[in-house]
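Engineer: Note that our numbering has the sequence shown beginning at 1, numbered continuously upward.
The beta-carbon is built from N, C-alpha and C at its ideal position, and this holds for glycine as well.
In this text, all values refer to a predicted model and were calculated from it rather than measured experimentally.
Please see the structure below; I have some questions.
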Amino acid sequence: QVRLVESGGGLVQPGGSLRLSCVASGNSFGSYWFYWYRQPPGKERELVARISEEGSTYYPDSVKGRFTISRDNPENTVYLQMNNLKPEDTAVYYCNANIPPLWEAYWGPGTQVSVSS
């Protein structure tokens with residue numbers, strides 16, 4: 001069982017920045033693949049970033065160049081740095097971990113990000 005806890009959400013003005021953190025339990029953190037998803041109000045959950053166990057990353061076009069995912073294995077923490085935030089980035093952001101070899105998926109409870117002037 002893996003427990004994930006997100007933090008760092010809040011209210012920010014357009015153009016501002018936030019850094020989300022996701023702390024994960026477990027003894028094999030270095031082998032986990034991590035994802036950040038978001039769910040805007042009234043919409044479906046969507047992927048915003050992925051990082052492999054080797055550190056390779058993926059971003060959809062909607063956030064590419066503005067969001068950066070990173071991991072600190074000794075601290076069991078994954079980050080999502082979000083810059084130049086836009087009102088359409090408003091959503092609940094969720095951390096997701098996929099655990100090899102069975103690729104079990106675990107979710108955090110989410111953290112609210114609101115972008116508004």
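Please go through the same chain and pick out, in chain order, the residues whose beta-carbon is closer than 7 Å to the beta-carbon of E54, but skip the five residues on each side of it.
Structural biologist: The sequence position of residue 54 within the sequence shown is 54, counting from 1. If we look at E54 and ignore the five residues flanking it on each side, it has no Cβ neighbours.
Engineer: Compare the beta carbon distance of L11 and M82 with 7 Å and say whether it is the shorter of the two.
Structural biologist: Numbered from 1 along the sequence shown, position 11 holds the residue referred to as residue 11. Numbered from 1 along the sequence shown, position 82 holds the residue referred to as residue 82. Against a cut-off of 7 Å, the Cβ pair of M82 and L11 comes out as no contact.
Engineer: Within 10 Å of its beta-carbon, does G108 have 16 or more other beta-carbons around it, so buried, or fewer, so exposed?
Structural biologist: Within the sequence shown, residue 108 is the residue found at index 108, counting from 1. Looking at its Cβ environment, which holds 16 or more other Cβ atoms inside 10 Å, G108 is buried.
Engineer: Would you mind sorting W103 into buried or exposed? The rule is 16 or more other CB atoms within 10 Å of its CB.
Structural biologist: Mapped onto the sequence shown, residue 103 falls at position 103. Exposed, by the Cβ-count rule.
Engineer: Among residues of its own chain, excluding the 5 on either side of G8, which ones have a beta-carbon nearer than 7 Å to its beta-carbon?
Structural biologist: The count along the sequence shown starts at 1 and reaches residue 8 at position 8. Once the five neighbours on either side are set aside, the close Cβ partners of G8 are L18, R19, L20, S21 and T111.
Engineer: From the DSSP output, in three-state form, read off N73 for me.
Structural biologist: The residue labelled residue 73 in the question sits at position 73 within the sequence shown. Reduced to three states, the DSSP call for N73 is helix.
Engineer: Determine the extent of the beta strand (DSSP E) in which F29 is found, giving its start and end residues.
Structural biologist: What you label residue 29 is simply residue 29 of the sequence shown in a count that begins at 1. Counted as a single uninterrupted DSSP element, the stretch harbouring F29 is not any beta strand (DSSP E), since DSSP gives it neither H nor E.
Engineer: Among the candidates N73, R71 and L85, whose CA atom is the shortest distance from the CA of S62?
Structural biologist: Here residue 62 refers to the residue found at position 62 when the sequence shown is read from its first residue. The option with the nearest alpha carbon to S62 is L85.
Engineer: Looking at the strands, I want to know which residues DSSP matches up with N98.
Structural biologist: On the sequence shown, residue 98 is found 98 positions in, with the first residue counted as 1. Its beta-bridge partners are W33 and A105.
Engineer: Would DSSP call E44 helix, strand or coil?
Structural biologist: As a position in the sequence shown, residue 44 is number 44, starting the count at 1. E44: coil per DSSP, three-state reduction.
Engineer: Give me the Cα-Cα distance between P40 and G26, rounded to the nearest whole angstrom.
Structural biologist: If you number the sequence shown from 1, residue 40 lands on position 40. If you number the sequence shown from 1, residue 26 lands on position 26. Those two C-alpha atoms are separated by around 29 Å.
Engineer: Please identify the residue among P87, R66, T68 and Y37 whose C-alpha is closest to the C-alpha of A97.
Structural biologist: Taking the first residue of the sequence shown as position 1, residue 97 is located at position 97. For the residues P87, R66, T68 and Y37, the minimum Cα distance to A97 belongs to Y37.
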